[in-house]
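Undergrad: Pasting in a structure now, in structure tokens, and then I'll have a few things to ask.
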Amino acid sequence: MFKIIFLSIIIVFAFVDSTCPDGTYVIPSILGSNWPCMLLSNDTAIYTYAERVCEEHNGHLLPIPNAFVDAFVADLIRIANLSRPVGIGVTRLLGGIWRNVDDGTNTTYFNWGVEQPNNITGCNCAYIYSNDIWAAGVCENVNYYACGVPGTGETGFLSL
Numbered sequence: 207m208f209k210i211i212f213l214s215i216i217i218v219f220a221f222v223d224s225t226c227p228d229g230t231y232v233i234p235s236i237l238g239s240n241w242p243c244m245l246l247s248n249d250t251a252i253y254t255y256a257e258r259v260c261e262e263h264n265g266h267l268l269p270i271p272n273a274f275v276d277a278f279v280a281d282l283i284r285i286a287n288l289s290r291p292v293g294i295g296v297t298r299l300l301g302g303i304w305r306n307v308d309d310g311t312n313t314t315y316f317n318w319g320v321e322q323p324n325n326i327t328g329c330n331c332a333y334i335y336s337n338d339i340w341a342a343g344v345c346e347n348v349n350y351y352a353c354g355v356p357g358t359g360e361t362g363f364l365s366l
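Residue numbering for the sequence shown follows our numbering, beginning at 207 and increasing consecutively.
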């Protein structure tokens with residue numbers, strides 16, 4: 207319940223003076239994301255095609271830098287009532303190390319589920335579920351995806 211109230215408050219204040227593209231969500235800067243806006247897909251795609259779609263929006267699959275962004279994304283997935291996991295910008299396709307898709311840096315925050323990340327061959331892409339738990343999955347599976355996309359200006363908050 208606290209998460210829903212928290213998300214509601216954040217969304218109300220985050221949309222003030224937001225300049226994110228139509229169809230995207232403002233990621234409040236206080237949460238610590240490198241991206242000010244998020245596109246949550248309503249279609250499904252394999253991981254590499256999802257990254258191309260994100261690039262068409264001048265972004266990348268969304269890395270999750272901390273528990274705050276993790277909870278924010280999971281809440282939006284829950285609200286959207288998506289039936290599949292959502293691809294995020296964390297992969298070990300290059301070199302077997304979990305890296306952020308947008309800048310290639312090593313990922314420092316994880317929220318893996320029990321027995322994750324699994325080491326099954328081909329499970330090299332990270333997915334988040336509506337309960338904010340991550341799983342390593344096959345990149346060729348068709349799932350929803352979250353893109354980090356740029357805004358066109360400040361995405362500030364109202365002062366209380």
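We put the CB at the ideal spot given by N, CA and C, even for glycine. From a predicted model like this one, the values you see are computed outputs, not experimental measurements.
Residue 289: buried (16+ other C-beta within 10 angstroms of its C-beta) or exposed?
TA: Its Cβ having fewer than 16 others within 10 Å, residue 289 is exposed.
Undergrad: Tell me, please, whether the region 258 to 266 touches the region 337 to 349 by the rule of three or more beta-carbon pairs shorter than 8 Å.
TA: no
Undergrad: To which residues does DSSP link residue 297 through a beta bridge?
TA: 305, 331
Undergrad: Please say whether residue 317 and residue 273 have beta carbons closer to each other than 9 Å?
TA: A contact, by the Cβ cut-off of 9 Å.
Undergrad: Using the rule of at least 16 other Cβ atoms within 10 Å of the residue's Cβ for burial, across every protein chain shown, is residue 348 buried or exposed?
TA: Exposed.
Undergrad: Flag this pair as yes or no: are the beta carbons of residue 281 and residue 354 separated by less than 9 Å?
TA: no
Undergrad: Using only the alpha-carbon positions, how far apart do residue 302 and residue 330 sit?
TA: In this model, residue 302 and residue 330 are separated by some 8 Å (Cα to Cα).
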